[in-house]
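So the sequence shown is residues 176 to 248, counted in my numbering. These notes are about the structure you will find just below.
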Amino acid sequence: MSKQLAAQVPAEPVVLGKMGSSYGIRGWLRVFSSTEDAESIFDYQPWFIQKAGQWQQVQLESWKHHNQDLIIK
176 MSKQLAAQVP AEPVVLGKMG SSYGIRGWLR VFSSTEDAES IFDYQPWFIQ
226 KAGQWQQVQL ESWKHHNQDL IIK
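Shown next as structure tokens:
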């Protein structure tokens, strides 16, 4: 995930997945999609993550498959 952007947080955010553990040393993270087709999670933008009770918008640099997982940067 490259950038944090200033944006208005949706009034009723919908959780489409969750972040997992880090992967490698180049900043990749595992993501677990709750969408029917796992790759469909990338059709929903922008993404917001909740950190310390605050919602923050993030912009993905890239994503790819790794074995049976999806990883993001």
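Virtual Cβ for every residue (Gly too), placed ideally from N, Cα, C. Only a predicted model underlies this, so the values are computations on that prediction, with no experimental measurement involved.
- DSSP places D218 in the helix class (H, G or I) of the three-state scheme.
- Counted as a single uninterrupted DSSP element, the beta strand (DSSP E) harbouring S196 occupies residues G192 to Y198.
- Taking the Cα of K248 as reference, the smallest distance to any Cα among E187, S196 and E211 is reached at S196.
- In terms of CA proximity to A186, W230 leads the group W230, N242, R201 and T210.
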